[in-house]
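Trainee: Line by line, the protein sequences give chains A and B.
The first sequence maps to residues 1 to 316 in this note's numbering.
The second sequence maps to residues 317 to 632 in this note's numbering.
Don't be surprised by glycine CBs; every beta carbon is placed ideally from N, CA and C.
2 protein chains.
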Amino acid sequence: MSIQQHYQLYVQYLEANGFNGTPGNLYDSMHYIMQLRGKRIRPILCLMGAESVGGNPQESLILAHAFEIFHNFSLVHDDIMDQSEMRRGMPTVHIQYNQPTAILAGDNMLIKAYQSLHAYNGPNKDRIVEIFSAMASKVCEGQQADMNYSTQDDVGEDQYLQMIENKTAVLLGACLACGALSANASEAIANKLHAFAICIGLSFQLVDDYLDTFGESGTVGKVIGGDIMEGKKTWLYIKSCEASKETKNWYLTTSGTSRVALVKQQWIEMGLDKALLKKTAVYDQQGITLLAELESLGVSSKKLKELLSYLSDRSH
Amino acid sequence: MSIQQHYQLYVQYLEANGFNGTPGNLYDSMHYIMQLRGKRIRPILCLMGAESVGGNPQESLILAHAFEIFHNFSLVHDDIMDQSEMRRGMPTVHIQYNQPTAILAGDNMLIKAYQSLHAYNGPNKDRIVEIFSAMASKVCEGQQADMNYSTQDDVGEDQYLQMIENKTAVLLGACLACGALSANASEAIANKLHAFAICIGLSFQLVDDYLDTFGESGTVGKVIGGDIMEGKKTWLYIKSCEASKETKNWYLTTSGTSRVALVKQQWIEMGLDKALLKKTAVYDQQGITLLAELESLGVSSKKLKELLSYLSDRSH
Numbered sequence: 001m002s003i004q005q006h007y008q009l010y011v012q013y014l015e016a017n018g019f020n021g022t023p024g025n026l027y028d029s030m031h032y033i034m035q036l037r038g039k040r041i042r043p044i045l046c047l048m049g050a051e052s053v054g055g056n057p058q059e060s061l062i063l064a065h066a067f068e069i070f071h072n073f074s075l076v077h078d079d080i081m082d083q084s085e086m087r088r089g090m091p092t093v094h095i096q097y098n099q100p101t102a103i104l105a106g107d108n109m110l111i112k113a114y115q116s117l118h119a120y121n122g123p124n125k126d127r128i129v130e131i132f133s134a135m136a137s138k139v140c141e142g143q144q145a146d147m148n149y150s151t152q153d154d155v156g157e158d159q160y161l162q163m164i165e166n167k168t169a170v171l172l173g174a175c176l177a178c179g180a181l182s183a184n185a186s187e188a189i190a191n192k193l194h195a196f197a198i199c200i201g202l203s204f205q206l207v208d209d210y211l212d213t214f215g216e217s218g219t220v221g222k223v224i225g226g227d228i229m230e231g232k233k234t235w236l237y238i239k240s241c242e243a244s245k246e247t248k249n250w251y252l253t254t255s256g257t258s259r260v261a262l263v264k265q266q267w268i269e270m271g272l273d274k275a276l277l278k279k280t281a282v283y284d285q286q287g288i289t290l291l292a293e294l295e296s297l298g299v300s301s302k303k304l305k306e307l308l309s310y311l312s313d314r315s316h
Numbered sequence: 317m318s319i320q321q322h323y324q325l326y327v328q329y330l331e332a333n334g335f336n337g338t339p340g341n342l343y344d345s346m347h348y349i350m351q352l353r354g355k356r357i358r359p360i361l362c363l364m365g366a367e368s369v370g371g372n373p374q375e376s377l378i379l380a381h382a383f384e385i386f387h388n389f390s391l392v393h394d395d396i397m398d399q400s401e402m403r404r405g406m407p408t409v410h411i412q413y414n415q416p417t418a419i420l421a422g423d424n425m426l427i428k429a430y431q432s433l434h435a436y437n438g439p440n441k442d443r444i445v446e447i448f449s450a451m452a453s454k455v456c457e458g459q460q461a462d463m464n465y466s467t468q469d470d471v472g473e474d475q476y477l478q479m480i481e482n483k484t485a486v487l488l489g490a491c492l493a494c495g496a497l498s499a500n501a502s503e504a505i506a507n508k509l510h511a512f513a514i515c516i517g518l519s520f521q522l523v524d525d526y527l528d529t530f531g532e533s534g535t536v537g538k539v540i541g542g543d544i545m546e547g548k549k550t551w552l553y554i555k556s557c558e559a560s561k562e563t564k565n566w567y568l569t570t571s572g573t574s575r576v577a578l579v580k581q582q583w584i585e586m587g588l589d590k591a592l593l594k595k596t597a598v599y600d601q602q603g604i605t606l607l608a609e610l611e612s613l614g615v616s617s618k619k620l621k622e623l624l625s626y627l628s629d630r631s632h
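(1) Measuring CB to CB, does residue 50 of chain A end up less than 9 Å from residue 173 of chain A?
(2) For the stretch 135–169 of chain A, which residues have a CB atom closer than 7 Å to at least one CB atom of chain B, in sequence order?
(3) For the ligand ZN, is there any heavy atom lying closer than 8 Å to the beta carbon of residue 212 of chain A?
(4) Of all the residues that make up the stretch 10–29 of chain A, which are near chain B by a beta-carbon distance shorter than 8 Å?
(5) Quick one: what does DSSP say residue 402 of chain B is sitting in, helix, strand or coil?
(6) Chain A partners of residue 446 of chain B, CB-CB under 9 Å?
(7) Using 8 Å as the Cβ pair cut-off and three pairs as the minimum, do the stretch 370–388 of chain B and the stretch 415–430 of chain B touch?
(8) Could you have a look at residue 57 of chain A and say whether DSSP puts it in helix, strand or coil?
(9) If you reduce the DSSP assignment to three classes, tell me which class residue 23 of chain A lands in.
(10) Indicate whether the contact test is met: 3 or more Cβ pairs, each with one atom in the stretch 410–420 of chain B and one in the stretch 462–474 of chain B, closer than 8 Å.
(11) Just to confirm my understanding: we take residue 506 of chain B, look at its own chain, exclude 5 residues before and 5 after, and list those with CB closer than 6 Å. What are they?
(12) So, at 7 Å on beta carbons, what are the nonlocal neighbours of residue 373 of chain B in its own chain, with the 5 sequence-adjacent residues on each side left out?
(13) Taking the straight line between their C-alpha atoms, what separation do you get for residue 461 of chain B and residue 438 of chain B?
(14) Less than 9 Å between the beta carbons of residue 481 of chain B and residue 518 of chain B, yes or no?
(15) Note the first and the last residue of the continuous alpha helix (DSSP H) segment covering residue 285 of chain A.
(16) Would you give the residue range spanned by the alpha helix (DSSP H) that residue 562 of chain B belongs to?
(17) Mapping the DSSP letters down to three states, classify residue 91 of chain A as helix, strand or coil.
(18) Does DSSP classify residue 529 of chain B as helix, strand or coil?
(19) Mind pulling the beta strand (DSSP E) runs of 3 or more residues that sit fully within the stretch 423–473 of chain B?
(20) For a contact defined as C-beta to C-beta under 7 Å, what are the partners of residue 573 of chain B on chain A?
(21) Residues of chain B with CB under 7 Å from residue 100 of chain A, in chain order?
(22) Could you name the residues of the same chain whose beta carbon sits closer than 7 Å to that of residue 333 of chain B, not counting the 5 residues immediately before and after it, in chain order?
(23) Using alpha carbons as the reference points, say which of A/12, A/19, A/131, A/304 lies closest to residue 453 of chain B.
(24) Cβ of residue 424 of chain B less than 9 Å from any chain A Cβ?
(25) Going by alpha carbons, who is nearest to residue 300 of chain A out of A/11, A/30, A/54, A/45?
(26) Evaluate residue 147 of chain A with the Cβ neighbour count: other Cβ atoms within 10 Å of its Cβ, from every protein chain shown; 16 or more gives buried, anything less gives exposed.
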């Protein structure tokens, strides 16, 4: 099956299993976020995890759905915390409805994710539920760390990488590993698939940081310099502080678009653009090594390589 | 075991299983709400459910803990939605910490409740997990309905009763039923225990409404007339609208303490104080009938009767 077919398979399942209940506004708000267009990366990862070890993706759909519901729960609550007004070109749930409804929609989606997880009746159920909860808790920890960092003065590179691993990468790892476990993968294979997804998640997030500062607006499809304008403590900022104690002064003093140009120039002079690409290459290389190991364990890695190119298409 | 012993048993378990993790502020906030003094009614109900069918409460502690964590999750999020600043004489979590941390604390507690549920390995696990999730979703629906009613003009008695059943009573029902199921109760007994707890939950909530308007401040331990001052749409208000179309005018036009006296007088003249007590007596009677049926099925109902008096002690 191609990635496009995995996508179609999941989207059909989603359409047939939409949220519906009383009070109407609660269930409408849950339906609303689930229907916003997206790449559906997490359910696809879950289906591919099953297929990579010879399983039938159809049988993992209910798990794929649990992960996608969980992901959307986290988006709804994160958007409240980050006070984001738009998501995928549409108003966020707390803007479209209201904040109390958005809190409850998220809560109910987290419960519905567990209901989908419990409705799964294939191999390794207990282990899958265990991985799911451990992941879910780490996602909360990552979001809390991210918020703490905005007022924290001494965030190191390791802490930052741990934060993006918890906030983003562990969910990808859980999707791929649980998909494989649902098709009877061994613990050793599931662990390596988990580690592989962590690598691509970290690489993806760091490339995101790179493009936000050094990308071309036309290619990336969004305004460049958003992180700098917000004064976000990204990998670039942290490394810049390590290299020069004066970073804090010029990073936070000027404002708006003039700041973007200034900061970009400074960081290029410091060689941070190249250093960031080098950092992502380390994770990519770790991923390739893991793929080779997986191949030797009998896992079909062809699809996982395709996935890398699907993920790196930033036009969505 | 006496109710006091059930209380002690759970509190010791809670102390030995406190939340602890990184980031510190996230786990501190979860610990904070769990440690606020309370009657621990839900875990006690769970332990009593086990004991009422001959089980050992010790073996149901992990389930009791799942229910108490769930209850505290709902308090943290409800307090944000209701903008409550105090709970049990202490600042609420979003006041003591901040709103984003309170949202994440609730999310993480919901996950931790499921982790405690999954760590249970006794009889009827699948059924217990199923009851737990159905209950959890109903609690969200009840809270949404409660919020909707504040701007809704045509709330009927049945809708109001459904709302308080979802928001409060189904959790009590799930605690008692799941406790019994964990001690190998039959589905028939679990269902009757569930129905019994729903009755006492509804009666408790309606007595709460009664005391808020007609109680004595010294006995109830809080200011009388809070619901009226807030213009809350309680059972009394709904029945008052049914009896007189002019209720809306005088219920919402005057303000403060003068409103309390006026509304109280009108409602006593309409006989609503007696009607409300009569309504609660119907649920109490249903509860007593269910207890007799449970007794004939071999369930020890002595403790459940004690529970009724523990619940009706409003001094906590």
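Mentor: Well, looking at it:
(1) no
(2) 136, 137, 140, 141, 143, 144, 145, 147, 148
(3) The ligand ZN is not part of the structure shown, which contains no ligands of any sort.
(4) 21, 22, 23, 25, 26
(5) strand
(6) 115, 118
(7) yes
(8) helix
(9) coil
(10) no
(11) 493, 496, 497
(12) 317, 322, 325, 363, 366, 367
(13) 35 Å
(14) yes
(15) 272–296
(16) Element bounds for residue 562 of chain B: n/a, residue is neither H nor E.
(17) strand
(18) helix
(19) none
(20) Neighbours of residue 573 of chain B on chain A: none; closest Cβ ~29 Å, over 7 Å.
(21) 397, 463
(22) 381
(23) A/19
(24) yes
(25) A/54
(26) buried
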